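Yeah, the sequence shown ends on 372 if you go by UniProt numbering, and it's all consecutive. Everything below concerns the one structure shown next.
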Amino acid sequence: MAAVSAPELAQAKRIVIKIGSALLVDQGGLREDWLRSLAADVAGLRARGTGVVIVSSGSIALGRRVLDLPGGALPLEQSQAAAAVGQIRLARAYEEALGPHGVNTAQVLVTLEDTADRRRYLNSRATLETLLSLGVVPIVNENDTVATDEIRFGDNDRLAAQIAVTIGADQLLLLSDVDGLYTANPKTDPSAAHLPVIEHITPEIEAMAGDPVSGLSKGGMKTKLLAAKVAVAGGCAMAIAEGFADHPVAALEQGGRCSWFLPEGDPQVARKRWIAAMKPRGELFVDEGAANALRSGKSLLPAGITKVVGRFGRGDPVTIAGPDRAVLGKGLVRYTADEARQIAGHRSGEIEEILGYPGRAALIHRDDMVVG
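Here it is as structure tokens:
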């Protein structure tokens, strides 16, 4: 049987890069030279048209040094305080590193719940999509200042996978203190073999996960495998790579050692399947013009709505039916049922006057819709 080839970074249209704390911060503080080399890699990706999102650990690690907090586990209140101090420094560090390349950055603070709740998921997705369309590199971090059980550096592995699926990324790169998955812990077992490509995450693969090897990074291989499950199920390839050396992304692109987890299908197809499987909370009827627009891949605008049925909230799934009452598809709606009734039949430019605030132009965006 022919060997399965690893994905190529050059083919990705969107990449999420997760940075582990141990790479960004050492005992002396922020690794500024390394960060500048990463920024050069990111600028190179952006120059060829690749959308990049960075999910970065490190706010607590930075903050605890500024506050001179002791090593080891911190009480919750001190962790939150360290995060508050560290976040502003983390965002500024990325801004200063990417700015000389002409790359704008934005800070986006989220928790895992923001990608689980439909309404908050849609808001997060719309924000990230807009930033990417404007050429911005979002710097995403867990909102540790208000989080409780989420305050574990390793959760950023799973958060990165959630973000990758949310934006339909082709690839997710987990840069950490290990160069991939081994059949056993290579530090204790000299016979451990490196796995360059993993086609399927089997129970045997899961059993190979070991414990964290760094005092800063708390995630370990177990959370990375959890992240891989989320990513590949959403159609996103994922790599685990050691990132301590300068220009870690360029090194990976040039054949650097890593472990690739292969995706299960196309990310957009996987997302459409997810939407199609949801139970609808209501129904929108559209006129013939809107029906034709949907069939040609357009978003659903309020002007094409003739009737709103049911009670639903923002982010809920609804069925879309044509003038003959035949079902056209399903989508995640951006307005509540009451709001949809008020703006039905009106142009998008009238939304602010009707509702009293500027809303989104589309009732259902084409990326949040399954037609046919």
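All C-beta atoms, glycine included, are put in the ideal place defined by N, C-alpha and C. Quick caveat: nothing in here was measured; it's all calculated off a predicted structure.
Spatial distance of L172 from K18 (CA atoms):
8 Å
Cβ shell of E8 (< 6 Å), same chain only, five flanking positions each side left out:
So the list is empty, once near-sequence residues are dropped.
Do D26 and P248 come within 8 Å of each other at the CB atom, strictly closer than that value?
no
Classify I100 as helix, strand or coil using the three-state DSSP reduction.
Residue identity differs from the one stated: residue 100 is Pro in this sequence, not Ile. If DSSP states are grouped into helix, strand and coil, P100 belongs with the helices.
C-beta atoms of F312 and A290 nearer than 8 Å
no
Sequence-distant residues of the same chain with beta carbon closer than 7 Å to A82, five excluded per side
I60, G63, R64, L67, L69, L74
Quick one: grab the DSSP three-state call for L163.
Note on residue identity: the sequence assigns Ile, not Leu, to residue 163. In the structure shown, I163 falls within a helical segment according to DSSP collapsed to helix, strand and coil.
Alpha carbon to alpha carbon, what distance is there between G58 and G356?
40 Å
Which one of K187, V136, E129 has the shortest CA to CA distance from A47?
V136
Which residue from G310, T306, R314 puts its Cα closest to that of H346?
Of G310, T306, R314, the residue nearest in Cα terms is T306.
Out of Y121, P186, A209, P138, state which residue places its alpha-carbon closest to the alpha-carbon of D316.
Y121
Rounded to whole angstroms, what is the Cα-Cα separation between V327 and I205?
42 Å
Element boundaries [beta strand (DSSP E), containing K224]
No beta strand (DSSP E) contains K224, which is instead part of the alpha helix (DSSP H) from 220-233.
Cβ-based burial, N141 [other Cβ within 10 Å; buried from 16]
buried
On the DSSP letters alone, give me the boundaries of the beta strand (DSSP E) that R14 sits inside.
14-19
Below 6 Å CB to CB, which residues in the same chain sit around D368 once its five sequence neighbours on both sides are set aside?
G331, L332
Could you give the C-beta distance for I320 and V269, rounded to a whole number, given that I count them as a contact under 8 Å?
Wrong, their Cβ atoms sit about 19 Å apart, outside the cutoff.
Buried or exposed for H200, please, with buried defined as at least 16 other CB atoms from any protein chain shown within 10 angstroms of its CB.
exposed
Of the residues G359, A237, Q162, Y335, the one placed nearest S259, counting alpha carbons only:
Relative to S259, the option among G359, A237, Q162, Y335 whose CA is nearest is A237.
Any heavy atom of the ligand ADP closer than 7 Å to the Cβ of A39?
In the structure shown, the ligand ADP is absent, as is every other ligand, since no ligand is present at all.
Return the chain-ordered ranges of every alpha helix (DSSP H) run that is complete within the stretch 50-138 and spans a minimum of 4 residues.
You should have 59-66, 76-98, 112-116, 118-133.
Suppose only complete runs of 4+ residues qualify. What are the alpha helix (DSSP H) ranges in the UniProt domain "PUA" (282-364), listed by chain order?
288-295, 337-343, 351-355
If distances are taken between C-alpha atoms only, which option among R158, R257, G86, L98 comes closest to V52?
Nearest to V52 by alpha-carbon distance, out of R158, R257, G86, L98, is L98.
Nearest to N123 by CA position, among L181, V232, Y335, is which residue?
Y335
Looking at the unbroken alpha helix (DSSP H) that takes in L35, where does it start and where does it end?
32-47
For I198, which residues does DSSP report across the bridge?
F261
If you drop the 5 nearest sequence neighbours on each side, which residues of the same chain put their C-beta closer than 6 Å to that of S351?
According to the sequence shown, residue 351 is Ile rather than Ser. Same-chain partners within the cutoff: I343, G359.
Between which two residues does the beta strand (DSSP E) containing L175 stretch?
Per DSSP, L175 belongs to the beta strand (DSSP E) from 171-176.
Helix or strand or just coil, what does DSSP make of E204?
helix
Taking DSSP as the reference, what is the three-state secondary structure of E242?
strand
Assign L134 to buried or exposed, taking buried as 16 or more other Cβ atoms, counted over all protein chains shown, within 10 Å of its Cβ.
Exposed, since its Cβ has fewer than 16 Cβ neighbours within 10 Å.
Bridge-paired residues (DSSP) for Y26:
Correcting the residue identity first, residue 26 is Asp in this sequence and not Tyr. In the DSSP assignment, D26 forms a beta bridge with G29.
Spatial neighbours of L195 within its chain, please: C-beta separation below 6 Å, excluding the five flanking residues on both sides.
L181, S259
E253 - containing alpha helix (DSSP H), residue span
That run of the alpha helix (DSSP H) goes 248-253.
Considering just the uninterrupted stretch of the beta strand (DSSP E) at M369, what are its terminal residues?
That run of the beta strand (DSSP E) goes 369-371.
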